[in-house]
Each structure stands twice: as structure tokens, then as C-alpha cells.
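Per the working numbering, residue 906 is the first one in the sequence shown, and the count goes up by one each step.
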Amino acid sequence: GTGLYVSALIHGFQLPDTPFEQLLAIRRELEQRLQDLQERKMVSMKHLARGIAHEVNNQLAKVKGGAESLPEDIGELRKMTAALLRGDEVDTDELRYLLDEGIRLSVDGILEGTAGIEEIVHRIRNFVRLDQEPVQFTNLNSDVEMVIKMCATDIEDADVSVKSELGELPDVECRPREINILLRELLWNAIYYASEGKAKDVSRLVLVKTTAASDKESVMVSFLDNGPGIPRQSREHIFDLFYTTKPEGFG
């Protein structure tokens, strides 16, 4: 009864002979695996936070560039305006540049950066869905597109091309927050292993496909990559709890 259940629960773990030793061994094994799970969650959060920080910094650079240039452009414009009021000659080409391009480019940089940060915040809110019901109907195509954007930094760093083929999907009832985390982990795995490809003359590719089942009530999301694949000796373990082929620190 219980012994069989626990053996199935922690597949591949050899139990000692006596009941007391079994309980101690089970406790130690579960504590270790819980620790492993927490460490892998931290690795995942680290990648997510790094990607978000990278994107925010890119947008802040646009805001900073515009904010630093704008006072200089306005100062030059004031000097030229004062010179014109005094009847002095000014460089008309520089004046035209300030009016037509210089100030506008600075303001555009500020507006573009703030809009980019607003978009990042919007994507994060959609990813975690803290202000929405845990279970709801959703179209997974929008979630796939959002997750690809969330992984933009990982994609760039890995020098991987990610393409999507999104079919027409029905809305499905699910827990979007958990689904988004799952989609991100699957995509990050595909990106990681695609980047491990050894052939230098072959593009590193990841393809994300969505299709509707024939019953029109369920959907399938597939992640395909042209990486090295799962080693033959590891395939029988892919459904073992916490099993991974990645080096330590990579989830």
C-alpha cells in the first residue's frame, strides 16, 4: 500500500528495509528534491529578471539620451533667438536643424523610451495576471506571442532565431499564469538546446506551433528546435521528477 505509493511517487529511489529508516530516507529525499525545485525556480526567475532589466535599461537609455540632449538644444535655440532679436546674424542651417530635427529627436527619444517601459510593464502584468481570476478562458496564441517577447533577451544572447506558426485556436479554460510560466520554460529550454548546436554553418532555430485538436475544445502547443536532441541514455528519465541534462545553475 503506502510503500508502493511512495516508491512510485519518488521514482528511482531505493528504500531501506525497516519502516523507520524508510520514513527518514523518504523525508531526506523529499527535502532534497524540494530544495532542488526551489533552486531551479530561482534560476528561472534570474533569467526572467535579467531579461526584464535588459529591456528596461534599453528604454531608459533612450529617455536619458533625449533628456540630456533636450536642454542643450533648447539652450542653443535660446541663444539664436536672442541673437535674432538683437539683429545679429545666425547660422540658418543650425537653426533649421534645431527646429526641424534636433529638439524633435530628443522629445521622440523620451516618448519612445517611456512608451517602451509602459509596454514592458503591460507584458509583465499579462504574464503574471495578478489582477485576474486564476481560472479563465484564454486564447493561447496571445500568450505564446507575449512569452516570445518576454524571452527577447535570451533569444538575442543565444543567437537563436525564433519563429512561430500560430493556428486558429478556440479559447480554452485554464490557469493562464501557470500556463505562461510553463510556456516560458519550454521556450527557454528550446532556446538553450538550439544554442548548443555544434554545426557552425547551420542557423540555430526554434519553431513554436499552435494547432487546434479535431474536437475544437483542446489545443496543442509544440516547441521544435534543431539542437543536439536528448541523449539516448537520458530519454528514459525525461519524466523523472527534477531530472535535467543541463549543467548546474542552468535550470
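Where a beta carbon is used, it is the ideal one built from N, C-alpha and C, also for glycine.
The C-beta separation of Ser1069 from Val1113 comes to about 5 Å, placing the pair in contact by the 8 Å criterion. Annotation for Glu1122: no beta strand (DSSP E) segment contains it, and DSSP assigns it neither H nor E.
CA-CA distance, Ser1066 to Cys1079, rounds to 29 Å. Between the C-alpha atoms of Ala1117 and Arg1009 there is a straight-line separation of about 47 Å. Taking one beta carbon from each stretch, the segment 1001–1018 and the segment 961–979 have 3 or more pairs nearer than 8 Å; the two touch. Check the Cα spacing between Leu1087 and each of Glu926, Arg932, Leu953: the tightest is with Leu953.
Here DSSP, grouped into helix, strand and coil, assigns Leu1003 to helix. The distance from the Cβ of Gly1072 to that of Tyr1098 is about 24 Å, inconsistent with a contact at the 8 Å cut-off.
Uninterrupted beta strand (DSSP E) stretches at least 3 residues long and entirely within the segment 1043–1105 occur at 1066–1071, 1077–1079, given in chain order. Closest option to Leu1110, judged by alpha-carbon separation, among Ile1096, Ser1123, Lys1121, Glu1122: Ile1096. Taking a C-beta distance under 8 Å as the contact criterion, Gly956 and Asp1076 do not qualify as a contact pair. When rounded, the separation of the alpha-carbon atoms in Gly992 and Gly971 is 31 Å. Counting the other Cβ atoms within 10 Å of the Cβ of Lys967 gives 16 or more, which makes it buried.
Note that the C-beta distance between Val961 and Ile1025 is below 8 Å. Val1052 and Asn1085 do touch by the CB rule: their CB atoms are close to 6 Å apart, below 8 Å.
Collapsing the DSSP output to three states places Val1012 in a helix. Less than 8 Å divides the Cβ of Leu1092 from the Cβ of Phe1128. Taken atom to atom, the span from the alpha-carbon of Asp1130 to that of Lys969 is near 38 Å. For Arg1089, the closest alpha carbon among the candidates Ala988, Ile1029, Leu990 is that of Ile1029. Residue environment: Val1049 is assigned as buried (16 or more neighbouring CB atoms within 10 Å of its CB, all protein chains considered). Beta-bridge pairing by DSSP links Lys1114 to Glu1070, Ser1127.
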